[in-house]
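Engineer: These protein sequences, in sequence, are chains A and B.
Just so we're aligned: 38 in UniProt numbering is position 38 of the first sequence, and the numbers increase by one with no gaps anywhere.
Just so we're aligned: 214 in UniProt numbering is position 214 of the second sequence, and the numbers increase by one with no gaps anywhere.
Number of protein chains: 2
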Amino acid sequence: MAGPTLRDVAAEAGVSIRTVSNVVSDYPYVADETRARVQAAIDRLGYRPNLLARSLKQGRSHVIALVVPELDVPYFAELARLIIAEGRERGYLVMIDHTDGDKNLERELILQNARPMNFDGVILSPLALSGADLSERPPGAPILLLGEKSFDSLADHVAIDNVAAADEATTHLIDIGRSRIAAIGVQPSGYDTAKLRLKGFRRAHRRAGIPVDRSLLMTAARFHRTDGAEAMRRLLARPDRPDAVFCFNDLLALGALRAVLAEGLRVPEDVAIVGFDDIEDGRFSTPTLTTIAPDKQTIARRAIEQILTRISKSDDDAAPLEIRAPFRLAIRESTAGGGSRRQAGTNRRSHP
Amino acid sequence: MAGPTLRDVAAEAGVSIRTVSNVVSDYPYVADETRARVQAAIDRLGYRPNLLARSLKQGRSHVIALVVPELDVPYFAELARLIIAEGRERGYLVMIDHTDGDKNLERELILQNARPMNFDGVILSPLALSGADLSERPPGAPILLLGEKSFDSLADHVAIDNVAAADEATTHLIDIGRSRIAAIGVQPSGYDTAKLRLKGFRRAHRRAGIPVDRSLLMTAARFHRTDGAEAMRRLLARPDRPDAVFCFNDLLALGALRAVLAEGLRVPEDVAIVGFDDIEDGRFSTPTLTTIAPDKQTIARRAIEQILTRISKSDDDAAPLEIRAPFRLAIRESTAGGGSRRQAGTNRRSHP
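#1: Can you name, in chain order, every residue of its own chain whose Cβ lies under 6 Å from the Cβ of L52(A), other than the five neighbours on each side?
#2: Out of curiosity, what's the CA-to-CA distance linking L124(A) and D192(A)?
#3: By Cβ distance below 7 Å, which residues in the same chain neighbour A155(A) in space, the five residues on each side in sequence not counted?
#4: Out of A325(A), F223(A), I307(A), state which residue places its alpha-carbon closest to the alpha-carbon of D250(A).
#5: Here's the rule: buried if 16 or more other CB atoms are within 10 angstroms of the residue's CB, otherwise exposed. What is Q306(A)?
#6: Could you check the C-alpha separation between K57(B) and V38(A) for me, to the nearest Å?
#7: Along chain B, which residues have their Cβ under 9 Å away from the Cβ of P74(A)?
#8: Using only alpha-carbon positions, find the residue among P74(B), S179(B), A159(B) that is nearest to L196(B).
#9: Quick one: which unbroken beta strand (DSSP E) runs of 3-plus residues sit fully inside the segment 204-283 of chain A? Chain order, please.
#10: Compare the beta carbon distance of A220(B) and G228(B) with 9 Å and say whether it is the shorter of the two.
#11: What did DSSP end up calling T291(A) once you bin it into helix, strand or coil?
#12: Whole angstroms are fine: how far does the CA of V94(A) sit from the CA of L105(A)?
#13: Does any residue of chain B have a CB that is nearer than 9 Å to the CB of R7(A)?
#14: Determine, for M95(A), whether the minimum Cβ-Cβ distance to residues of chain B falls below 9 Å.
#15: Report the CB separation of S334(B) from P268(B) in whole angstroms; it is logged as a contact under 8 Å.
#16: Residues in the segment 271-305 of chain B with C-beta within 7 Å of chain A's C-beta atoms, listed in sequence order?
#17: Within its chain, find whatever has a CB closer than 6 Å to the CB of G14(B); leave out the 5 residues flanking it on each side and keep chain order.
#18: Taking only three categories from DSSP, how would you classify L308(B)?
#19: Have a look at the DSSP bridge pairing and note the partners of V182(B).
#20: Classify S189(A): buried if its beta carbon has 16 or more other beta carbons within 10 angstroms, exposed otherwise.
#21: Quick check on this structure: which residue in I84(A), L173(A), R88(A), V30(A) has the alpha carbon closest to the alpha carbon of R332(A)?
#22: Within 9 Å of any Cβ in chain A, is that where the Cβ of D102(B) sits?
#23: Using the C-alpha atoms, what's the distance from G121(A) back to F119(B)?
#24: So with Cβ pairs under 9 Å, would you call G255(B) a contact of chain A?
#25: How long is the line joining the alpha carbons of A344(B) and T286(B), rounded to whole angstroms?
#26: Measuring alpha carbon to alpha carbon, tell me which residue in D317(B), L254(B), A259(B), A303(B) is nearest P289(B).
#27: What residues of chain A sit near R90(B), judged by a beta carbon separation below 8 Å?
#28: Buried or exposed: which applies to G177(A), given that a residue is buried once 16 or more other Cβ atoms fall within 10 Å of its Cβ?
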């Protein structure tokens, strides 16, 4: 039987979970009146601090930094909301910084611990950081990596299987009868997300016995709407335009969608479109967007659980964990046809 | 003539602006090698720390907290990116938290300084906090408020003129010949943003001599796409549906747009739509979205400038400033007609 939780005590005392956590861990800056109220709630409910709460007494800040490349990319904003909520549930404040993919910032963050803040841990979604950078890292606050870069087990890492996801997205386009499929988001070098998704795209073609037309592999400077629209306009200007496109994220796909409709063409009849990320925008566009939906809730929960495990055992030298989160293909109007009277709907295929 | 800046030194030394700032202010946790490299760059360029940089020596953290209601609302994510960049330019790290509009969290943040972090200042976009809460605030780190709540000059405040903006959006719908104009985003109580925008909506009607049909004032639980879609579906189910709708933010407008198109109706021919915020989504939707575009760059710059002014003069008791940022009406396809072949385009009307 589970006993009362921090959340129960917070509700009873009419304060936030973080304040209860501050009281439990004897954090000094809590008003006496608040402390008394929380203590009364603890007594009434018979709350017993768990091991984690006790470890908090050992000079911890209860603060985790979450560092993402771009806060205004909806995927990161949606994920940040979930990670903040998972942290808060456990009495942890999660503060966000974004690097804009600046390698100097990412390196300093990891290598120098040069922040004037006392973070208990860092959750980082790196863009520019390399495995070599990471292996130079001195001992310090635990770090956990999110996303698609492959770091060969240099730190705990939570991600979905990007190759399998891109394969499934591409296979879906082949299954609905498309044979000239473009990819938008290819990167000439360095960016692992793009490499893994291209690998899945190629694998699906190979399995179906369809050759990949290399001239349909479109690079994108960034993964923003404007890059997707520009790549799509170049594709549409060709005499042999594609009948489908797999975009390496939803922003690219929404830009591509805009470019197709602005030309007076139909989606999916003339060009079918699949994205990646399942951001909310794609559930409200017209047509709605077929996409790979990573299980963001699981990513957030596992990230917080794992970094708190590292924090609570500060002498932990267990091997880094590779944590796989599930994903599914959400099939919507941009590949499933249907007129403008269709309601937004989602078919689901689940993955472990 | 302006001398070399932190940015110039950072470029010369190949480090981030923050690291230069850390060196200049004798922050202890900078690697010796890095410190030497920055010092060499300072010497080469003849950089002289300014007053602000010198004030940083006085035990400051160089960190500002930016607290927004909802990180995954694109307006806040876009604004956060700009505020982070403005802070970074000046050697300040801006960390983000979101409250989800939780009044307990907002109160604790402001009233108790109960954070285990040493922020030099707090920029807060409050949802639930009241003026009464704010007036109880003990002395502490400077605070600056963003957004539309009216606080009667209890703290420095940066915002656009919401009444004028809503008036202009509504007047635009009247100017294109619409007479049954709905509003989506009305709030029964408490939420100042909605009140001010409704006030502008009414003022535009009054000036044009058009009565407001109260049954077209649609409430919305939150300002999300799903709330906009739901309100629009209720409007479309009426025998006397509106010919235009002013949505109190772009997410509501994008949800409303989806609902209209899903019914097989045309935008703007059957229903014209105006939003508020100028988020990127609305520049890539089909049709593109007419909206009120607050000057986010100015909001970000003035917010950082003003809070740094307060931080640098910690005994400052000057009266709180009310800072007005400009806005403009961005006219796009959702009110300007044009078929699917139209390119996304924007007409501008500027405001002081």
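Glycine included, C-beta positions come from ideal geometry on N, C-alpha and C.
For clarity, every value in this text was computed on a predicted model and none was experimentally measured.
Structural biologist: Concretely, from the data shown:
#1: Its pLDDT being 40, under 50, L52(A) is placed unreliably in this model, and the value from its coordinates should be taken loosely. Cβ within range, chain order: S312.
#2: Rounded to the nearest angstrom, the two C-alpha atoms are 15 Å apart.
#3: Result list for A155(A): L134, I143, L144, L145, P320, in chain order.
#4: Measuring from the Cα of D250(A), the nearest candidate turns out to be F223(A).
#5: Counting Cβ neighbours within 10 Å, Q306(A) comes out buried, since at least 16 surround it.
#6: Confidence in K57(B) is poor, its pLDDT being 45 and thus under 50, which makes the residue's placement unreliable; the coordinate value appears in the next sentence. Cα to Cα, K57(B) sits roughly 38 Å from V38(A).
#7: Going along chain B in sequence order, the residues near P74(A) (Cβ under 9 Å) are D72, P74, A77, D281.
#8: When P74(B), S179(B), A159(B) are compared, the shortest CA-CA separation from L196(B) is found for A159(B).
#9: For the beta strand (DSSP E) assignment, the uninterrupted runs of no fewer than 3 residues enclosed by the segment 204-283 of chain A are, from N- to C-terminal side, 217-219, 244-247, 272-276.
#10: The answer is yes: Cβ separation under 9 Å.
#11: Note: T291(A) maps to strand in three-state DSSP.
#12: Rounded to whole angstroms, L105(A) to V94(A) spans 19 Å at the Cα level.
#13: It does not: the Cβ of R7(A) has no partner Cβ on chain B nearer than 9 Å.
#14: By this cut-off, M95(A) is an interface position.
#15: The Cβ separation is near 6 Å, so the contact holds.
#16: Residues E280, D281, F284, S285, T286.
#17: Scanning its chain for C-beta atoms nearer than 6 Å, with the 5 sequence neighbours on each side dropped, one finds no residue around G14(B).
#18: Secondary structure at L308(B): helix, using DSSP grouped into helix, strand and coil.
#19: In the sequence as presented, Val is not what sits at residue 182(B); that position holds Ala. Bridge partners of A182(B) according to DSSP: V245(B).
#20: Residue environment: S189(A) is assigned as exposed (fewer than 16 neighbouring CB atoms within 10 Å of its CB, all protein chains considered).
#21: For R332(A), the nearest C-alpha among the options comes from L173(A).
#22: Yes, because at least one Cβ of chain A sits closer than 9 Å to the Cβ of D102(B).
#23: If I take the Cα positions, the gap works out to 18 Å.
#24: Closer than 9 Å to some Cβ of chain A, the Cβ of G255(B) qualifies, so yes.
#25: Note that A344(B) has pLDDT 38, beneath the 50 cutoff, so the model's placement of it is unreliable and the number below is only indicative. A direct Cα-Cα distance of roughly 9 Å separates A344(B) from T286(B).
#26: For the record, residue 289(B) in the displayed sequence is Leu; it is not Pro. Nearest option by C-alpha distance: L254(B).
#27: The contact set of R90(B) on chain A, defined by CB atoms closer than 8 Å, is empty, because the minimum CB distance reaches about 15 Å.
#28: Exposed, since its Cβ has fewer than 16 Cβ neighbours within 10 Å.
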